[in-house]
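Colleague: Residues 480 to 585, numbered by our numbering, are exactly what the sequence shown covers, in order.
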Amino acid sequence: MTGQIEDTADRVRVVRVILNSEDVSTQALWMNDLSANNYDYVSLKAVLDNNGVPYYEDEETLDMPLVSNRTKGTFQITEDPVQIGDNMWYTLDSLNYSTISSDGTD
């Protein structure tokens, strides 16, 4: 959610727009427009309303516990990274870290 909500937010309201995939007009709009374009919430509802496509909304509030760094540190990469499958592997040396107090000081 970085860049979408404030860093201090402890919850987020999620509204999902649910379409009936068995409805013929919904299928046509999906194939010809919705699957190829990105709409924000207001624009999506306008497109659906303008095309007479039925939908309903599902709403939920999700708790997002604040997370803070509890450690800080430095390291050195000693060799070029190697990709194995979908993972990038690094060889490190001199890994040093320390605990950060709750007030943000060392």
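The C-beta atom is built at its ideal place from N, Cα and C for all residues, glycine as well.
In this text the structure is predicted, and so the values were computed from the model without any measurement.
Threshold first: 3 residues or longer. Then list the beta strand (DSSP E) segments lying entirely within the segment 539 to 584, N to C.
Modeller: 550 to 556, 561 to 563, 566 to 568, 571 to 578
Colleague: Quick one: what's Leu498 bridged to in DSSP?
Modeller: Residue numbering aside, residue 498 sits at position 19 when the sequence shown is read from its first letter. Answer by DSSP bridge pairing, in chain order: Tyr534.
Colleague: Between the segment 525 to 533 and the segment 504 to 513, can you find at least three pairs of beta-carbon atoms closer than 8 Å?
Modeller: yes
Colleague: With a 10 Å radius around its C-beta and 16 neighbouring C-beta atoms as the bar for buried, classify Leu541 as buried or exposed.
Modeller: Within the sequence shown, residue 541 is the residue found at index 62, counting from 1. Classification of Leu541: exposed, given that the 10 Å Cβ count is below 16.
Colleague: So does the segment 548 to 562 actually touch the segment 570 to 579, counting three or more Cβ pairs closer than 8 Å?
Modeller: Contact between the segment 548 to 562 and the segment 570 to 579 is present, because at least three Cβ pairs lie under 8 Å.
Colleague: From this set, Glu558, Gly564, Pro560, Arg549, which residue's C-alpha is nearest Thr578's C-alpha?
Modeller: Numbered from 1 along the sequence shown, position 99 holds the residue referred to as residue 578. Answer by Cα proximity: Arg549.
Colleague: Per DSSP, what are the beta-bridge partners of Val491 in this structure?
Modeller: In the sequence shown, counting from the first residue as 1, residue 491 sits at position 12. Under the DSSP definition of a beta bridge, Val491 partners with Leu541.
Colleague: Whole angstroms is fine: what's the gap from Glu539's alpha carbon to Trp568's?
Modeller: As a working mapping, residue 539 is identified with position 60 in the sequence shown. As a working mapping, residue 568 is identified with position 89 in the sequence shown. So the alpha carbons of these two residues sit roughly 38 Å apart.
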